[in-house]
Amino acid sequence: MTYIKPLFRHPKLPKNKIGYTLKEYEGALSTLCAGCGHDSISAAIVQACYDLSIEPHRVAKISGIGCSSKTPAYFLGNSHGFNSVHGRMPSVATGANLANKELVYFGVSGDGDTASIGMGQFVHAIRRNLNMVYLVMNNGCYGLTKGQDSATADKGSKSKAGSVNPFLPVDLASMAVELGATFVAQSFSGDKGQLVPLIKAAIHHQGFAFINVISPCVTFNNNLGSTKSYDFVRGHLGVTSQLDLVMEKEAISVDYEKGSVVRVALHDGTELELSKLANEWDPKNRISAINAIENARENEQVLTGLLYLNTDYGDLHEILDTTDTPLNQLDEASLCPGTVTLEEINRGLQ
Amino acid sequence: MTYIKPLFRHPKLPKNKIGYTLKEYEGALSTLCAGCGHDSISAAIVQACYDLSIEPHRVAKISGIGCSSKTPAYFLGNSHGFNSVHGRMPSVATGANLANKELVYFGVSGDGDTASIGMGQFVHAIRRNLNMVYLVMNNGCYGLTKGQDSATADKGSKSKAGSVNPFLPVDLASMAVELGATFVAQSFSGDKGQLVPLIKAAIHHQGFAFINVISPCVTFNNNLGSTKSYDFVRGHLGVTSQLDLVMEKEAISVDYEKGSVVRVALHDGTELELSKLANEWDPKNRISAINAIENARENEQVLTGLLYLNTDYGDLHEILDTTDTPLNQLDEASLCPGTVTLEEINRGLQ
Amino acid sequence: MIQKMPKKNSTSGVNDFIVRFANVNGTGSASANFLFAKSIFRMGIPVTPKNIFPSNIQGLPTWYEVRVSEKGYLGRREGIDLMVAVNAQSLAQDIQNVKPGGYLIYDSTKRLPGELVRPDIHYMGIPMMELCNEHFTNPRQRQLFKNIIYVGALAVFLRIEFEVLVQLLNEQFAGKEKLVPPNIQALKLGMDYVKEHFEYPLPFHLERRDLIGDKIMVDGNSACALGAIYGGATVVAWYPITPSTSVAEAFEKFAEKYRVDKATGKKNYAIVQAEDELAAIGMVIGANWNGARSFTATSGPGVSLMNEFMGLAYFAEVPAVLIDVQRAGPSTGMPTRTQQSDLLLAAYASHGDTKHILLFPSTPKECFELSAQSFDLAEELQTLVVLMTDLDLGMNDHVSDPFVWQKDRKYRRGKVLSADELDGLGRYGRYLDTDGDGIPYRTIAGTHPTKGAFTTRGTSRDEYAVYTEDNKAYQRNMERLVKKWETAKSLVPAPKEYQEGKSSEFGMLFFGTSIFSAEEAKDILTGKGISLDALRIKAFPFHEKVRSFVEDHQVLFVIEQNRDGQMRTLLINELEVAPSKLIPVLNFDGMPITADTIAKAIADYLYQENHLHHDLYQTLV
Amino acid sequence: MIQKMPKKNSTSGVNDFIVRFANVNGTGSASANFLFAKSIFRMGIPVTPKNIFPSNIQGLPTWYEVRVSEKGYLGRREGIDLMVAVNAQSLAQDIQNVKPGGYLIYDSTKRLPGELVRPDIHYMGIPMMELCNEHFTNPRQRQLFKNIIYVGALAVFLRIEFEVLVQLLNEQFAGKEKLVPPNIQALKLGMDYVKEHFEYPLPFHLERRDLIGDKIMVDGNSACALGAIYGGATVVAWYPITPSTSVAEAFEKFAEKYRVDKATGKKNYAIVQAEDELAAIGMVIGANWNGARSFTATSGPGVSLMNEFMGLAYFAEVPAVLIDVQRAGPSTGMPTRTQQSDLLLAAYASHGDTKHILLFPSTPKECFELSAQSFDLAEELQTLVVLMTDLDLGMNDHVSDPFVWQKDRKYRRGKVLSADELDGLGRYGRYLDTDGDGIPYRTIAGTHPTKGAFTTRGTSRDEYAVYTEDNKAYQRNMERLVKKWETAKSLVPAPKEYQEGKSSEFGMLFFGTSIFSAEEAKDILTGKGISLDALRIKAFPFHEKVRSFVEDHQVLFVIEQNRDGQMRTLLINELEVAPSKLIPVLNFDGMPITADTIAKAIADYLYQENHLHHDLYQTLV
Ligand SMILES: Cc1ncc(C[n+]2csc(CCOP(=O)(O)OP(=O)(O)O)c2C)c(N)n1
Ligand SMILES: Cc1ncc(C[n+]2csc(CCOP(=O)(O)OP(=O)(O)O)c2C)c(N)n1
Ligand code: SF4
Ligand code: SF4
Ligand SMILES: [Mg+2]
Ligand SMILES: [Mg+2]
């Protein structure tokens, strides 16, 4: 059941550059459990889109199935959404993106949705450098089916019922780096200050932007002994850097500087300003990113912030060399070779 | 069409410890193209099983679909085989293994079979540390469907038809290491000297043993410009170590020694003797293994040999704590709680 | 408190009414509501509870509907006599749903808004929250005991025996005994409040009976799981999905109790939560191929995903058991509502010419039996068996005959050759139809050092399991599979016959959870002098008795819970019967079908075809 | 050389015989064999080649069967008049397959073993290898030109016009002209050898005709691909599988030619080789959801895997086009053999109550037309459309009427609201049945800043696309989908009628590639004085004309290429027709059905039912 929110809008709400209030980026009232990490992530998406003055109808929200995958109904109510089938968000997003290269694509998934049933599609969306924000709301469990361990549950993590997970976790972030994802970040639903700029950066990144957000399930995986509880995660955060988005689209000659503050230019000229907090970590070097994640893991830390960035590869449309006009806007004139050509073709087959 | 081989056996063929000749490890005549790398791998499997004196009927061969997945018919004709469906060998192998922990399991797959349609099952078989040899016959293309690029095709590799692959490859070996596979090796179908001992070690490894074998497709991907051709691979091989299997099952106190020759004990007491050829590489350290693969890749080399080994984890049966008797051999007495218990259960529900 | 007013049409009588609880999910109402239902059961009175819950975890409306029926009618019925409305979100709707003359219990801590007052029902306000706050301090207790308070209230209104409630609480908290007294305190709060403020009992209420006998109360999913334990399943591979999740969970619970080796503490089973449904069925096929009994449980979306593997099991002739706990489709549909709408999919799953064995349990007892039997059938027929249950049967508690297991029952493992048998054989042919029943002989890996090995495959092969593309060999194999299908008809469970011979030109055909309402509808019609024969189908392919029943009757009402009449399609197609004979009686809105729906549909048809007099018809609609 | 002997039963006559080539795959025989078939086509004579190839890449037997038919019968026929046997592996079997009195061409470089000599056929040995070794040095050429040599030999034996062969070689090697002379040399080697050593032509041979007109020769997969180009498909997602791979490959070839923007060199299309079939259909659904026409092509195993997504397309009402090039199932089955056995799966794919639109092309021209039309239908009906072709149609070259495209043809994009239309609307309801035809209005993302946005989902929702578990809302939606299905019946292509009105009590029903043999069988029967009406089905749901044809006839022969009579099941189920009226005429061994199979099955029935005199029956069997 979705409740339609009261339509009342405060007349004095601040507006962003294109004249929208924050409210206009909200969605229907959430039906998730009170305190669910996923709702905080929805709020961060709302904030990021408001801040960036993105027109809501230029956004498409695509998800799989799960509590996490329900959230597209709870943010950006003026955007089209597609709550598809379990684990297959990446393929639906790929098709949608191919049809119209001009929208912003949010793919929302859960750890069950991505790391189990959706693993193959996740890997291949990375390989295609699909231009989208791929956000996993990672709670280490299957919320909607009542709390079974997921493949991202840590070895040794305790479930609410008291059982201990015996399997090694799939680390989505290091997998993504390993596979060559061009933007990989990790965050925590409880850290809006970090999450909002990461989402903004991900939107500006022209390619596959993956954000793995630890997002506690208050109902099934917030107990003592769980490594995905609010308490545990708060106590085990490592941070690579603080990140700011610099919107001036000026050509920057020096792309990257050694030191504690570095700037990286994105395809569209936007810049990321990173105040590095982790040593020995270079956001543009895969091995260094993997090492940083592995080292953090060995110290029982979850490394958050931007982990890896690569602006050298074009997205799928560049790879396929598609025309500038979105494919869904081409008409008969550009699509149909016509009657005369067909007669020629016929002659060639005679 | 499968041709039955002539039944004639040379009476003076040498026999292994259990009295079998090499011939008795062979299968039906191959229907693959003359020169296909896969046939060499079949031969290596035959040799390894003969050398180890494995009883053929204690082996189960499971595969997906593809030229590679046909090979189980062409080796170990006295073993049961299951040529299942495309990309799903790991799940069938998991079920088979759960049913009978005592057999040796060969899972044979192709790069299409594993890196595309089978990606999810591959990842999760690793996570479960399934006790099997998982062998990918990797030719960078879909042989059986006539040569399309697969997900392991290198970026920039040229197909026979002249097109250039624009996508980054999935590196199965480094993925496997990243995901915590407990035995990861890489080899080349043209290097039987390396491959046979690797297969033997994999059989002795009590857990998931992954061997990614570059296996050129002579018909569709052996052309100039292909990075999976015989010529290219031969010219770009890196080797971590030379490997020998030491069968004396004596307890070895020192498990591992620094230096150029190291010995690693497997669960069953067998030892691997490794003559290290690559510096800075420690087969029991994940980060070092990943770095070695990445560095080789940057030097345009395919690193072969044993890449990573971990003997600390138990296999799926250990994780699940199953009984010693193979589950498929339990009878009513141990399976059925019986009539009296059922009456008790009924009373509990009244 | 709202004034009492004289009402019209008030239900009265003993042991025949419906109570609905309107709660918020995630607030612990489930165990209080179950306490209510189970206490009625313990008083020897037939009762059916149904959980109508949302597809989310917390904070949305959820209902629990309990039908009490002296006559033992265990199906759903429309018309709520008493509503326990403790969810503010759905209160307005809940009040609307009470039948004229009915009763409403609500939390009167806050005053009911005037617009919610209907003149034609009785309001009984109990200040539940206030009572809780007065007597309990712990916030979680305050929430939980609201629910126990209304059970206490009901105990007085409906005459539930206090001792029964106390006994049930003691059982529930065995091991945590200190939880019993506060629960009893809460019960009493509710009881006392009613005794002080209202006339009681209500015109309809309970009276102890002896109608339950040795019956049990249990959900179908647990029964399926127990059947699999008894049936000897050792490998379970599954992927979570409502409403089938509790099959695997119950299996695990039972296995921990009954399947751990006493001496070693090790497990005589293996359960794997697979990465998805494709993997789950793949594991099941792998395990069965290797000689272990193995199953998976899922619901519609999972069955769709398993299609390719189902075709492999059929064609490669590997045993496999799949439990499909059906829910309302298509696609994600209504995941927490019931339907019988996967029949066509399951019967002909996968590309090419395929047919799969389906079993249709109607009660927990049959869930147990058919679940155990499915392993025998799968191995005897070397093929996939799909146990078709549904959310209503699987997730609701049902009053059922007790489980039965013959002392000397042995597993029927079908034609599997031993090493000795292989030695006694000439050339072994995996797909030779040696016995003329279409069923060839299997061998399992590891049996014999040199004989019996072959490659199982989804491709065409000859009788010796050698790959071939020969069109004749392919055709022979496909025809043998048809023969095996014919053999299956005599192995699958026979239908339940409701009469000897034939007593009417009209027949009712039904299956699965339609049993309760269909039987009730039959009685309703009989009560009006319209007597129909009836048959309950238990399996596909159809048993010979289904064929003769269909042939023997002129008009058959096929009762099912889907839109397109899928069982009817199977009947028409497999029995070659004229469609015009088969009248569909359907309900597909996700709620269990009711007897009234069935009786009315049948009456409509009979009236329109001039088999029913106008006056009689009017009493039925 | 083997002695010539007088033979019995030798076939004779002009333009009416069958030649089969027995080769090893991977040896380059395909282009030589095609040269042979195409030369006959160019001589104005109807011809049908069929490729019978193994499911491997190199070294196994492969056959190419060419039927020449003055009367224009383009189906397969049994009985090989002339075998060109150049594969040692299959030689013995190939010789057995020649019909008595028939001819065998073989490579006489080595002497034929005595046991392979049959007294009742003609042997014509040509030392192909020897000739090659004598005249060519390059080993690859030596292999290839063996094939050209036998084409040369056939040119003399069968009177193929030399100029036609030369012309075809010139066309084939346009751009690589220097390859032409050695090919011509090889041709001549074969021709000269025959002229020197044998009597020619054979009793059966070719004579130029004018029976081809403006017809074309092309495979169905290319035609489907071209239809998709014309139909405006821009996003193609696919996964390799025989026999559908060449649909995507042909699309790419055509797109590179006709869909690259002249000015920028950029592509007006996107092709993605997906990671599997689930991803392929997911991409197609995503693209169509976002307003681009998109399709995928696959075969049985892929369709099985797509099941879940097919249900989503149905229930969420997203257009999608799926081309199913059917092969012999179940499971991996016979991947390189033909069948029409995915009908039931495709028609009712996925769990829950679902129905999908199917189209059945019979010829390349129809592949083109229906492929283009499928995009219109998918968008007009906002649902999945499955184009059901098969290996025979898809991978073999067929003589076909030329492709046609109306000059002013516009894409019918169905009910998609523009920004202006949204502005003119009150509250937009995605699932409102505004027009009473069951088809609601879509909006595409990005259309309007504040109106028309909604969430597409596979779960139940109300008319405004708001999630709901209300049973009434669910039921309304399911009933609207039935209404849409009714609407579809008037939009899908009408069947092909073979007569005006009714001229017989007996009717033939067929579809897809059974067209050729069914038409021929009809003529055979007519020739015996047995005249039947006929109808060729082009779509599911069935057009009104299919219904009336079925109703109008007393007995209907349903001709199909599967074991279980799947089209018959659809007819019975959807048209509510008595099964006894529908007589299955089946072929399911993986080879295309023949006219004789059909005529005999029909004659059998008529004879058994006493509609056919014994004497006449004998002439037919
Ligand atoms: C094919 C299929 N299988 C299973 C399900 C049942 N199901 C619904 S949500 C879910 C898991 C969701 O877990 P996750 O993605 O982690 O999301 P969360 O609820 O934890 O946010 C499952 C298994 C389904 N809907 N479809
Ligand atoms: C579900 C399904 N999709 C597609 C196919 C077709 N198919 C057969 S083999 C193959 C690819 C095999 O490639 P790979 O695994 O690399 O094996 P190779 O032939 O190269 O050894 C494909 C796509 C199939 N059999 N099943
Ligand atoms: S169950 Fe867990 S994941 Fe789902 S809404 Fe509740 S807290 Fe969030
Ligand atoms: S096509 Fe390639 S992979 Fe297949 S058998 Fe031939 S060489 Fe090997
Ligand atoms: Mg989760
Ligand atoms: Mg390959």
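If you read the sequences in order, they're chains Y, E, L and B. According to this note's numbering, the first sequence is numbered sequentially starting from 1. According to this note's numbering, the second sequence is numbered sequentially starting from 1001. According to this note's numbering, the third sequence is numbered sequentially starting from 2001. According to this note's numbering, the fourth sequence is numbered sequentially starting from 3001. Even glycine gets a Cβ: it sits at the ideal position worked out from N, Cα and C.
Inter-residue Cα distance where the pair is residue 3147(B) and residue 3327(B): 29 Å
Contact check, residue 2373(L) vs residue 2227(L), beta carbons under 9 Å: yes
Local conformation of residue 2497(L) per DSSP, three classes: strand
Per-residue DSSP class, three states only, for residue 2388(L): Strand, per DSSP.
6 Å CB neighbourhood of residue 227(Y) in its chain, flanking five on each side removed: 154 and 157
Interface positions of the segment 76–106 of chain Y facing chain B (Cβ-Cβ less than 8 Å), listed along the chain: 77, 78, 79, 80, 81, 82, 83, 84, 85, 88, 90, 91, 92, 93, 94, 95, 96, 97, 98, 99, 100, 102 and 103
Nonlocal neighbours in the same chain, by C-beta distance under 7 Å from residue 3241(B), ignoring five residues either side: Excluding sequence neighbours, residue 3241(B) sits near 3298, 3299, 3301 and 3302.
Contact under 9 Å by Cβ, residue 3325(B) with residue 3389(B): yes
Euclidean distance between Cα positions of residue 3586(B) and residue 2474(L): 15 Å
Boundaries (first-last residue) of the beta strand (DSSP E) holding residue 2429(L): Segment: none, residue 2429(L) is in no beta strand (DSSP E) and carries neither H nor E.
Cβ-heavy atom distance, residue 1085(E) to ligand 8, below 8 Å: Ligand 8 is absent from the structure shown, which contains only ligand 1, ligand 2, ligand 3, ligand 4, ligand 5 and ligand 6.
Around ligand 4, Cβ to any heavy atom closer than 5 Å, ordered along the chain: 1032(E), 1033(E), 1036(E), 1067(E), 1143(E), 1217(E), 1218(E), 1219(E) and 3057(B)
DSSP three-state assignment for residue 2420(L), whether helix, strand or coil: helix
Spatial distance of residue 3270(B) from residue 2435(L) (CA atoms): 56 Å
Residues of its chain near residue 282(Y), where Cβ-Cβ distance is below 7 Å and the 5 sequence neighbours each way are ignored: Same-chain partners within the cutoff: 288.
Beta-carbon separation (whole angstroms), residue 168(Y) vs residue 1127(E), contact threshold 8 Å: 6 Å
Distance between residue 2479(L) and residue 3187(B) (C-alpha atoms, nearest Å): 46 Å
Entirely enclosed alpha helix (DSSP H) segments - the segment 26–85 of chain Y, minimum 4 residues: 37–51 and 67–70
Residue nearest to residue 3440(B) in terms of C-alpha spacing, selected from 3318(B), 3066(B) and 3134(B): Nearest to residue 3440(B) by C-alpha distance, out of 3318(B), 3066(B) and 3134(B), is 3318(B).
Ligand 2 heavy atom lying under 8 Å from the CB of residue 1145(E): Flag set: Cβ of residue 1145(E) near ligand 2.
Distance between residue 1093(E) and residue 64(Y) (C-alpha atoms, nearest Å): 28 Å
7 Å CB neighbourhood of residue 3036(B) in its chain, flanking five on each side removed: Cβ-Cβ distances below 7 Å link residue 3036(B) to 3066, 3151 and 3154 in the same chain, with the five nearest sequence neighbours on each side left out; the list follows chain order.
Residue 3241(B) CB to nearest heavy atom of ligand 2 below 8 Å: yes
Delimiting residues of the beta strand (DSSP E) encompassing residue 185(Y): Looking at the DSSP string, the run of the beta strand (DSSP E) that includes residue 185(Y) is 183–188.
Residues of its chain near residue 3635(B), where Cβ-Cβ distance is below 6 Å and the 5 sequence neighbours each way are ignored: The requested residue 3635(B) is not part of the displayed model; chain B covers only 3001 to 3621.
Proximity winner among 3401(B), 3450(B), 3406(B) and 3403(B), relative to residue 3420(B) (alpha-carbon distances): Comparing Cα positions, the closest option is 3450(B).
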